[in-house]
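To start, the structure under review is shown below, and the notes come after it.
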């Protein structure tokens, strides 16, 4: 099946059969411009492939959508600071047991340990600071590379 | 994504969010509410019954809007959150900050006076 790709995104799709043969894993690679207007397109594109994988329940599809939108926003705005000469790289592995999505920017990175939880009553009316917390709540596993400019999110099949 | 705004005869300014409320369009919503405030509107309902998802910037925009409306002596209510969208408010405890109704009609009926 061929899925339409927005012109501004560079996409590479590869399918490979797992050794355990319990299903096919689809790998996608995307190069995304540092433009927040692209976020919806990328999320839609990934979700169309997730739907092809055909096992995510409604809530999991929703969680992936929000987590990816969030990670892209962080990468474009905080990481690349919306610099048009920089890109965000998305690598997605859509398999029978899990969805794993890696989002990498070209910024200097940050230390995720320094990000505080936004749940204190005095923090509730702050307009920002919920992004990473939300990602951690929505997927099963979140990891960063040492530099802190790449996040890897995994959601397991239920 | 698009916003549609209507004013009912009871003086309720209803904004429906169609599509997503995310970093790329949150300013449009903030601007729409600001403009309505300047026109004298004080009772707002933001309805999400046609909304796909909201990111943390969208949630943050709602927090800012709520603050601004309250500062102007107004009131803001949210409506139409499905189970998935509602979970975002619960996870971030924002369900304790906002008055949330099942439907826009119920939200409109919740204003004092």
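Residue numbers (the numbering used here), protein chains in the order written: chain W, 223 to 380; chain Z, 1328 to 1440.
For glycine and all other residues, C-beta sits at the position ideal for the given N, C-alpha and C.
This one's a predicted model, so the numbers in the text were calculated from it and none came from an experiment.
Item                                                                                                                                                            : Value
So for residue 295(W), helix, strand or coil by DSSP?                                                                                                           : helix
Does the CB of residue 1391(Z) have a neighbour CB from chain W at under 8 Å?                                                                                   : yes
What are the residues in the region 1357-1380 of chain Z lying within 8 Å of chain W by C-beta distance?                                                        : 1379 and 1380
Quick one: which chain Z residues come within Cβ less than 7 Å of residue 258(W)?                                                                               : 1350 and 1351
For residue 284(W), which residues in chain Z fall below 7 Å Cβ to Cβ?                                                                                          : 1380 and 1411
Could you give the first and the last residue of the continuous alpha helix (DSSP H) run that contains residue 301(W)?                                          : Premise fails: residue 301(W) is in no alpha helix (DSSP H) and is neither H nor E.
For residue 352(W), go through chain Z and note every residue whose CB falls closer than 8 Å to its CB, in chain order.                                         : 1383, 1386, 1387 and 1419
Under 8 Å, Cβ to Cβ, is there at least one residue of chain Z near residue 321(W)?                                                                              : no
Are there three or more Cβ pairs, one per stretch, closer than 8 Å when the region 362-379 of chain W is compared with the region 1401-1416 of chain Z?         : no
Quick one: is the Cβ of residue 315(W) within less than 7 Å of any heavy atom of the ligand ZN?                                                                 : As for the ligand ZN, it is missing from this structure, which has no ligand bound.
Could you confirm whether any beta carbon from chain Z is found closer than 8 Å to the beta carbon of residue 261(W)?                                           : yes
Which two residues bound the contiguous alpha helix (DSSP H) that contains residue 1350(Z)?                                                                     : Note, residue 1350(Z): premise wrong, no alpha helix (DSSP H); not H, not E.
Please state whether DSSP places residue 260(W) in a helix, a strand or coil.                                                                                   : helix
Beta carbon of residue 262(W), beta carbon of residue 1351(Z): below 8 Å?                                                                                       : yes
At the level of alpha carbons, what is the spacing between residue 323(W) and residue 260(W)?                                                                   : 17 Å
With H, G and I counted as helix, E and B as strand and the rest as coil, what does DSSP make of residue 361(W)?                                                : coil
Assign residue 249(W) to one of three DSSP states: helix, strand, or coil.                                                                                      : strand
When DSSP labels each residue in this structure, what does residue 324(W) get in the three-state scheme?                                                        : strand
Keeping to the same chain, check which residues put their C-beta closer than 8 Å to that of residue 306(W); ignore five residues upstream and five downstream.  : 255, 256 and 257
So what's residue 1446(Z) in DSSP terms, helix, strand or just coil?                                                                                            : Since the first residue of chain Z shown is 1328 and the last is 1440, residue 1446(Z) is not available in this structure.
Would you decide whether residue 292(W) is buried or exposed? Buried here means 16 or more other CB atoms lie within 10 Å of its CB.                            : buried
Say whether chain Z places a C-beta atom closer than 8 Å to the C-beta of residue 347(W).                                                                       : yes
At which residues does the beta strand (DSSP E) containing residue 1431(Z) begin and terminate?                                                                 : Per DSSP, residue 1431(Z) belongs to no beta strand (DSSP E); it is in the alpha helix (DSSP H), 1431-1436.
So residue 303(W) contacts chain Z; which residues on that side make the cut at Cβ distance below 8 Å?                                                          : Chain Z residues near residue 303(W): none, gap ~13 Å exceeds 8 Å.
If we count Cβ pairs, one from each stretch, closer than 8 Å, do we get three or more for the region 309-316 of chain W versus the region 1354-1373 of chain Z? : no
Closest Cβ-Cβ distance between residue 356(W) and chain Z: below 8 Å?                                                                                           : yes
Pull up the distance between the alpha-carbon of residue 282(W) and that of residue 1410(Z), whole angstroms please.                                            : 12 Å
Give the DSSP bridge partners of residue 1329(Z), in chain order.                                                                                               : 1345(Z)
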